[in-house]
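Numbering (mature numbering (1 follows the signal peptide of the UniProt record, and there is no 0)) for the sequence shown: -24 to -1, 1 to 509.
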Amino acid sequence: MKKSSSIFVFLIFLSFLNLSLTWAASNSVYETFLQCLTNHTTNKIDNISNIVYTQTNPSYTSVLRAYIRNARFNVSSAPKPLIIITPLQESHVQSTIICSKQVGYQLKIRSGGHDYEGISYISDTQFFILDMFNFRSISVEIDQESAWVGAGATLGEVYYRIWEKSKVHGFPAGVCPTVGVGGHLSGAGYGNMLRKYGLSVDNVVDAKIVDVQGRILDRKAMGEDLFWAIKGGGGASFGVILSYKIKLVTVPKTVTVFRIEKLIEAGGTDMAYKFQIVAPTTDNNLFLRMLLQPVTRNKTKTVRVSVLSLYLGDSNSLVSLLAKEYPELGLKKENCLEMSWIDSVLWWGNFDNGTNPDVLLDRNLDSSSFLKRKSDYVQKPIPKSSLNLLWKKMIELGKPGLVFNAYGGRMNEIASTETPFPHRIGNLFKIQYSVNWAEPGAESDKNFISQIRSLHSFMTPFVSNNPRSAYLNYRDLDIGVNQNGKESFNEGKVYGEKYFNGNFDRLVKVKTMVDPNNFFRNEQSIPTLPSKI
């Protein structure tokens, strides 16, 4: 008995010793990092420790949680950074890179926190977070039809600042207003004007990045290869994006939106099938999105088909257009809402009609639901017979939904090699697989993730293949993970060719040129070329 008690006490002693050593090591890293940061920072602030948060800082948890947008990773068991750095000026970013390299820690870069797999703020290795939320400046020059936007600004803030200066300008980017500029644009970015103006990055004309050596480079200084890479290849593989210069686009004073819903028993199947024919080929001023969602009506499980629009014009011309092209929709003038472009941003963001645009400035911090997303590209219409099988599968699973985003128009006019994003001509639409849930816990995660994987598997015959393409900004670790070891290139090729198709090789060459030691890395970063032995 005494012997077992002694062993128990000894084990407790070892545990405390281990904790003490861990704390001491962490504290030593912090002190070294802080001193390095101070030495390398110009325009000194009163106390540089005010922008550096350790795990013992009372504000650490609130800073970490503020931009976690997937509740799956907002749990105590999720890996936490040793330090969070919240830079206020460019030299803080430069010194963070230099000093992270010096202490040998991985650096994760977060702008808005909307990475679906959380890889901007979690890691299986010891890491820091460089949180860019203070880099939110937006400088709009209407006479130049351009704007410089900070990587930490949100899309909602960008739209609002454009609207402040002009009621006939906008920018083609995402419909979720809290998404950060840095991640959205560096991963290509798209929204409901892509058939008229292309992707967000098709309207980027300059950028500022801090490279692995801590240099601030604009387009001229970085060169066209690196500039090309950060327009869709994911900025976090190449450096830290400080800002992008965007080209504004013109929008009419009046735009039109609508939402038509039908159950599959009441014309929904015909409406869904015809969407695939009309949406990618109709007038470039019209963007259509289709939502497919399992629902219960009168105690019977079914599927609801919804079609949403943004039309850069008035309702009369839209109703006339779709009466000819898409009679299955049954669109009437009373289904349409005419409004200003900024009000359409609010409508697409699911705000009530009449909401003040200043709601776009609300970052809605520390708010998230449990979610999983996947993506696909469709190049041939899915037959009605196969849609009927899809309805059965969705009803069987019960939760995951699908979002069809129409391509065509301007997307068909831009070469697949123009940016790293290759999914242009030949693609009718992109599918987003979507499932959200409210119940916390590993069992819920396993259940709903299994459902969405099952639906993705079911869709295999109807989507692109060799490779089965995917969209980088719909981050999906199911399609491959990089351990960033000796097999980094081969591991990266698995997901890299799905996200970038033939552009993957050029991205690898750029990565090898600008970051040969792979400092900027994550679970799905661009790898370097394998070293020759």
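C-beta: ideal position from N, C-alpha, C; glycine also.
This structure is a prediction, so every number in the text was calculated from the model and none was measured.
Would you mind stating whether residue i and residue j have Cβ atoms separated by less than 8 angstroms?
i           : j           : result
residue 396 : residue 211 : no
residue 103 : residue 81  : yes
residue 301 : residue 258 : yes
residue 55  : residue 100 : yes
residue 203 : residue 191 : no
residue 220 : residue 125 : yes
residue 418 : residue 346 : no
residue 59  : residue 50  : no
residue 168 : residue 180 : no
residue 141 : residue 177 : no
residue 511 : residue 431 : With the chain covering -24 to 509 only, the question about residue 511 has no answer from this structure.
residue 465 : residue 492 : no
residue 245 : residue 363 : yes
residue 486 : residue 290 : no
residue 452 : residue 42  : no
residue 261 : residue 287 : yes
residue 133 : residue 337 : yes
residue 37  : residue 6   : no
Kindly list the residues whose CB is nearer than 6 angstroms to the CB of residue i, restricted to its own chain and excluding five residues on each side of it in sequence; keep chain order.
i           : result
residue 16  : 71, 74
residue 129 : 112, 114, 157
residue 269 : 280, 377
residue 461 : none
residue 467 : 458
residue 494 : 504
residue 351 : 408, 446, 447, 450
residue 251 : 266
residue 401 : 388
residue 94  : 46, 49
Please work out which residues of its chain come closer than 7 angstroms, Cβ to Cβ, to residue i, disregarding the five sequence neighbours upstream and downstream, and give them in chain order.
i           : result
residue -2  : Its pLDDT being 46, under 50, residue -2 is placed unreliably by the model, and nothing is read from it.
residue 240 : 278, 279, 281, 367
residue 298 : 305, 307
residue 163 : 208, 210, 448, 449
residue 509 : Unreliable placement is indicated for residue 509, whose pLDDT of 49 sits below 50; the coordinate value is still reported in the next sentence. Around residue 509: no qualifying Cβ.
residue 331 : 322
residue 110 : 62, 63, 64, 128
residue 445 : 353, 399, 474, 477
residue 143 : 229, 316
Contact check, residue i vs residue j under 8 angstroms by CB: the rounded distance?
i           : j           : result
residue 379 : residue 408 : 4 angstroms
residue 411 : residue 348 : 5 angstroms
residue 224 : residue 138 : 6 angstroms
residue 373 : residue 427 : 5 angstroms
residue 483 : residue 502 : 5 angstroms
residue 27  : residue 68  : 6 angstroms
residue 186 : residue 496 : Residue 186 to residue 496, Cβ: 10 angstroms. No contact.
Give the single residue among the options whose Cα lies nearest to the Cα of residue i.
i           : options            : result
residue 154 : 366, 466, 340, 388 : 340
residue 147 : 227, 188, 215      : 227
residue 131 : 120, 159, 255, 194 : 159
residue 76  : 90, 176, 57        : 57
residue 105 : 505, 361, 498, 164 : 498
residue 296 : 288, 304, 308      : 308
residue 172 : 449, 385, 427      : 385
residue 166 : 118, 93, 258, 405  : 405
residue 510 : 41, 371, 27, 133   : Nothing can be reported for residue 510, as the shown portion of the chain is limited to -24 through 509.
residue 222 : 420, 398, 247, 182 : 182
residue 284 : 197, 218, 353, 382 : 382
residue 235 : 505, 220, 478, 263 : 263
residue 48  : 24, 344, 457       : 344
residue 174 : 492, 189, 93, 387  : 387
residue 394 : 507, 423, 480      : 480
residue 39  : 333, 3, 23, 87     : 87
residue 489 : 215, 5, 149        : 215
residue 420 : 84, 375, 389       : 375
residue 425 : 92, 10, 3          : 92
residue 32  : 13, 12, 443, 3     : 3
residue 255 : 205, 206, 123, 403 : 403
For residue i, which residues from the same chain have a beta carbon less than 8 angstroms from its beta carbon, with the 5 sequence-adjacent residues on both sides left out?
i           : result
residue -6  : Bear in mind that a pLDDT of 41 at residue -6, under 50, signals an unreliable position, so the number given afterwards is only what the model happens to contain. For residue -6, where only same-chain residues beyond five positions count, there are no Cβ hits under 8 angstroms.
residue 242 : none
residue 470 : 455, 456
residue 292 : 309
residue 25  : 10
Given the structure, does residue i come close to the ligand GDP, in the sense that its CB is under 7 angstroms from one of the ligand's heavy atoms?
i         : result
residue 8 : You won't find the ligand GDP in this model; it holds no ligand whatsoever.
Meets three-Cβ-pair contact criterion under 8 angstroms: the stretch 310 to 326 and the stretch 229 to 246
Yes, the stretch 310 to 326 is in contact with the stretch 229 to 246.
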